[in-house]
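>
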Amino acid sequence: MTFKIELINHKVIKNAFESISKIVNEITLTADKEGIHLRSLDKSHITFITMELNYKLFDQYQCDEPTKIAVDCTEFTKILKKCKTTDTLELTVDEDNLIILMKGDATRKFKLRQIDMEYDNPIPPQIEHPCNITIQSDLLKDYINDMSLYSEVVQFGVDEDYFIISSEGQNGEAEIKYIHGENIKEYVKSKFAIEKLQDMLKSSKFAKNTILHIGEDMPLKLIMELTTGDGELGFLLAPRLSEE
Amino acid sequence: MTFKIELINHKVIKNAFESISKIVNEITLTADKEGIHLRSLDKSHITFITMELNYKLFDQYQCDEPTKIAVDCTEFTKILKKCKTTDTLELTVDEDNLIILMKGDATRKFKLRQIDMEYDNPIPPQIEHPCNITIQSDLLKDYINDMSLYSEVVQFGVDEDYFIISSEGQNGEAEIKYIHGENIKEYVKSKFAIEKLQDMLKSSKFAKNTILHIGEDMPLKLIMELTTGDGELGFLLAPRLSEE
Amino acid sequence: MTFKIELINHKVIKNAFESISKIVNEITLTADKEGIHLRSLDKSHITFITMELNYKLFDQYQCDEPTKIAVDCTEFTKILKKCKTTDTLELTVDEDNLIILMKGDATRKFKLRQIDMEYDNPIPPQIEHPCNITIQSDLLKDYINDMSLYSEVVQFGVDEDYFIISSEGQNGEAEIKYIHGENIKEYVKSKFAIEKLQDMLKSSKFAKNTILHIGEDMPLKLIMELTTGDGELGFLLAPRLSEE
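Protein chains in written order, with the numbering used here: chain A, 1 to 244; chain B, 1001 to 1244; chain C, 2001 to 2244.
#1: Using a beta-carbon distance below 7 Å, is A/LEU140 in contact with chain B?
#2: Around the Cβ of A/TYR123, are there at least 16 other Cβ atoms within 10 angstroms (buried) or fewer (exposed)?
#3: Out of C/THR2210, C/SER2242, C/GLY2172, C/GLY2215, point me to the one whose CA is closest to C/GLU2232's CA.
#4: According to DSSP, which residues form a beta bridge with C/ASP2072?
#5: Straight-line CA distance for B/LEU1236 to B/ASP1138?
#6: Does any residue of chain C have a CB that is nearer than 7 Å to the CB of A/ALA106?
#7: Give me the chain B residues within the contact set of C/ASP2072, using Cβ-Cβ distance strictly less than 8 Å, ordered along the chain.
#8: Within 7 Å (strictly less), CB to CB, does C/ILE2176 reach chain A?
#9: Taking 7 Å as the threshold (beta carbon to beta carbon), is B/GLU1006 in contact with chain A?
#10: Look at the Cβ atom of A/LYS103, then the Cβ atom of A/THR88, and state whether they are nearer than 7 Å.
#11: Apply the 10 Å Cβ neighbour rule to A/PRO66 and answer buried if 16 or more other Cβ atoms are within range, or exposed otherwise.
#12: Using beta carbons (cut-off 7 Å, strictly below), is C/ASP2064 in contact with chain A?
#13: Identify, in the order they occur along the chain, each residue of the same chain with its Cβ nearer than 6 Å to the Cβ of B/GLY1035, setting aside the five sequence neighbours on each side.
#14: Would you report the Cα separation of B/TYR1178 and B/ASP1042, rounded to the nearest angstrom?
#15: At what residue ranges does the stretch 1087 to 1160 of chain B contain a whole run of the beta strand (DSSP E), taking only runs of 3 or more?
#16: Does C/ASP2146 come within less than 7 Å of chain A when only Cβ atoms are used?
#17: C/GLU2186 by DSSP, collapsed to three states: which one?
#18: So, helix, strand or coil for B/ASP1032, using DSSP?
#19: Kindly list the residues whose CB is nearer than 8 Å to the CB of B/ILE1027, restricted to its own chain and excluding five residues on each side of it in sequence; keep chain order.
#20: Please determine, among B/ARG1240, B/SER1204, B/LYS1004, the residue with the shortest C-alpha to C-alpha distance to B/GLU1152.
#21: Consult DSSP for B/ASN1209 and reduce its assignment to one of helix, strand or coil.
#22: Look at the Cβ atom of C/ILE2008, then the Cβ atom of C/ASP2064, and state whether they are nearer than 7 Å.
#23: Compare the C-beta of B/LEU1149 with all C-beta atoms of chain C and state if any pair is closer than 7 Å.
#24: In its own chain, which residues sit with a C-beta less than 6 Å from the C-beta of B/GLU1186, not counting the 5 before and 5 after it?
#25: In terms of residue numbering, what span does the beta strand (DSSP E) encompassing A/MET51 cover?
#26: Going by the CB atoms, is the gap between A/GLN155 and A/LYS191 shorter than 7 Å?
#27: In whole angstroms, what is the alpha-carbon distance linking C/ALA2016 and C/ILE2099?
#28: Determine the direct distance from the alpha carbon of A/LYS11 to that of A/GLU90, and round the result to whole angstroms.
#29: Measure how close the beta-carbons of B/GLU1182 and B/ASN1132 come, nearest whole angstrom, since I'm counting them as under 8 Å.
#30: Could you round the C-beta distance between B/ALA1174 and B/MET1200 to whole angstroms and report it? I think they count as a contact, below 8 Å.
#31: Return helix, strand or coil for B/PHE1017, following the three-state DSSP convention.
#32: Assuming A/MET200 is part of the alpha helix (DSSP H), what are its boundary residues?
#33: So, is A/GLN170 buried or exposed, given that buried needs 16 or more other C-beta atoms within 10 angstroms?
#34: How many angstroms separate the CA atom of A/GLU216 from the CA atom of A/ASP159?
#35: Interface residues of chain A around B/LEU1112 at Cβ under 9 Å?
#36: Please report how far the alpha carbon of A/THR47 lies from the alpha carbon of B/LEU1101, in whole angstroms.
Below you can see the structure in the form of structure tokens.
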């Protein structure tokens, strides 16, 4: 057997797939000696997902040769949800399946058929953003939900003191001013689809803090990093047009 | 600025609007030196709402001249729901908007467009009821829900010892006998639409106790009063016909 | 009055009717000196329900002569749900009704019309099964839910060491191996409709443990017994065909 991992604290993976399963239908996980990697682009090319799970995160990690595991994302997420807090999660593969074992009161085995993936792992564009803002993931999630009252589009703005989240519609306007505490040299703003941000933030429990990389009418880079440094979930989101 | 109020314990307003937003679509709040007043009649003229919030209820209250604030009730309630327990709620007005500020981890500002109200604040009819019953608001809410098993109409009856809530339908009957402990001189009964009572009791957390003013085939007056005496939410509900 | 029972710990009855109301529309409860009995067969003749509640279970039990109580099962269950934890539940009958009294803050009385039952209490077939497995009711409920990922049919298998629950579909397979700890002499397997098992296990809180009587392509007998021995809820479920 060339691939076998075990994880007691499987919340990390469950949290990540809360959003991943909302954004893409099929995924290819790539496993090698370093860990497990995911790169995926949604069908409409609006959201790019990257996930890195270092081998140190796992209670047992064996991967003798690079392995690709392509599965239906919704089905995989449904199975993950069956994993109880007290279970140990084990993933292995056979020729046709990803095999998910949950070891607790009983041993529960789920075989998930692997699928043929048309495209290989895409490579995300490298973008340099002028502003980085750190904010609690659950606060950011609440703030984005606030914005959905008036519009489908939210503006992220950064000035010297504040990270400003705002939206406006026929019935009114909403504006949230968050003191960012960063050393900002360039004032920027960009607009994004609220629904896409809400999908991404379904994984807000993945990490306590979220880092936002923001530029002027540029894609948003949203990174959640485990405090141990052993895992990272990232998104790149295309901006909406700003009318002047 | 002529109008500005601040409230830490904003649950009071949130609780009141749980029912108000179910009954009327648009409201005019009238603010003066004494406090904030609301009088509103639903479109089908079945339920009359009155609300009085004394200036003492607020942590800061400034109202230099009488001010009318007309807004869409559903939109206002949606915004109020965004207010977190730890936030301080601030209301101000500009020429066109009611401005709702929530001060917590960040400062969140919502602007809600004011609307043109066709009718001014209506005046509720003055009615003298022979019986007054005091009952815990949450118990009354449960009892009304019990009644919905069999019928859309409930009868409130009062005799020497009991406040009797009853309904009957094709499948059976329900009857609740509550010892009222009041000195009752006239036995009365009236019928009401269960759905309308359920709408009113969505605000059951506004006050621990509810006072019911009941007469023979008369409108019901239902009053919830804050224990501090600084606020009151009241309803007048048209009766349903009793067949003999 | 020939029939009157009182029960403080009414959870037992509420739990039992969680599943009964999903399986049959109308029931006839038979009360005699020994206790209350229920035997009922669903319309499609797939599930047979038996319930025995010994007179010792009740805080007060009076039944001078055998009494039949036929009611709509959904309506009865709706009323039972209104019973609060702190209420005492009292059941009596008059000529036309089952009378349900809940004594707490107030006395709440529900009259449920008795109905005409076409068929009398059916008698369940006597079947001897080669294998008996005991398993925690809530675990069994979870395991059956796991199976619904892939198929509408689950297989129960028993070998020397394991009770094996499995299902398979187009997307994959699931298999749960539970160490049964029994002395098994015959290896057997049978298939059942997952939905029917889920209906039965809505009453999983009735008793901590469930005993499964399993044979080769035989009906399943599922018994939940109160630890006090004063009550039992049982089901007999027709098997699905196994293709070879």
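The C-beta atom is built at its ideal place from N, Cα and C for all residues, glycine as well.
Remember, it's a predicted structure, so these values are computed and weren't measured experimentally.
In short, the structure shows the following:
#1: With 7 Å as the cut-off, A/LEU140 does not count as an interface residue toward chain B.
#2: The question names Tyr, but residue 123 of chain A in the sequence shown is Ile. Around the beta carbon of A/ILE123, fewer than 16 other beta carbons sit within 10 angstroms, so the residue counts as exposed.
#3: Of C/THR2210, C/SER2242, C/GLY2172, C/GLY2215, the residue nearest in Cα terms is C/THR2210.
#4: C/ASP2072 is bridged to C/GLU2026.
#5: So the two alpha carbons sit approximately 19 Å from each other.
#6: True, the Cβ-Cβ gap to chain C drops below 7 Å.
#7: Within 8 Å Cβ-Cβ: ASN1171.
#8: C/ILE2176 counts as touching chain A.
#9: Not one chain A Cβ lies under 7 Å of B/GLU1006.
#10: Against a cut-off of 7 Å, the Cβ pair of A/THR88 and A/LYS103 comes out as a contact.
#11: Taking all protein chains shown into account, A/PRO66 has fewer than 16 neighbouring C-beta atoms within 10 Å of its C-beta and is therefore exposed.
#12: So no, C/ASP2064 is outside the interface.
#13: Excluding five sequence positions before and after B/GLY1035, the CB atoms of its chain that fall closer than 6 Å to its own CB belong to LEU1053, ASN1054, TYR1055, given in chain order.
#14: CA-to-CA, the gap between B/TYR1178 and B/ASP1042 works out to about 30 Å.
#15: Complete beta strand (DSSP E) runs here, min 3: 1088 to 1093, 1097 to 1103, 1107 to 1113, 1131 to 1136, 1153 to 1158.
#16: With its beta carbon less than 7 Å from one in chain A, C/ASP2146 belongs to the interface.
#17: Correct three-state label for C/GLU2186: coil.
#18: Reduced to three states, the DSSP call for B/ASP1032 is strand.
#19: Result list for B/ILE1027: ILE1020, LEU1038, SER1040, ALA1070, VAL1071, CYS1073, PHE1076, in chain order.
#20: Of the candidates B/ARG1240, B/SER1204, B/LYS1004, the one whose C-alpha sits nearest the C-alpha of B/GLU1152 is B/ARG1240.
#21: The three-state secondary structure of B/ASN1209, taken from DSSP, is strand.
#22: Their beta carbons are not under 7 Å apart, which means C/ILE2008 does not touch C/ASP2064 by this criterion.
#23: Chain C, which has a Cβ nearer than 7 Å to the Cβ of B/LEU1149, makes this yes.
#24: Around B/GLU1186: PRO1130.
#25: Following the DSSP letters along the chain, one finds A/MET51 inside the beta strand (DSSP E) bounded by residues 47 to 54.
#26: Cβ atoms of A/LYS191 and A/GLN155: closer than 7 Å.
#27: C-alpha separation (whole angstroms): 19 Å.
#28: One C-alpha to the other measures close to 13 Å.
#29: With 8 Å as the limit, B/GLU1182 and B/ASN1132 qualify as a contact, their Cβ atoms being about 7 Å apart.
#30: In this structure B/ALA1174 does not touch B/MET1200 by the C-beta definition: roughly 19 Å separates them, more than the 8 Å allowed.
#31: If DSSP states are grouped into helix, strand and coil, B/PHE1017 belongs with the helices.
#32: Looking at the DSSP string, the run of the alpha helix (DSSP H) that includes A/MET200 is 194 to 200.
#33: Counting Cβ neighbours within 10 Å, A/GLN170 comes out exposed, since fewer than 16 surround it.
#34: In this model, A/GLU216 and A/ASP159 are separated by some 12 Å (Cα to Cα).
#35: Within chain A, the residues placing a beta-carbon under 9 Å from that of B/LEU1112 are ASN171, GLY172, GLU173, ordered along the chain.
#36: Distance between the alpha carbons of A/THR47 and B/LEU1101 is about 33 Å.
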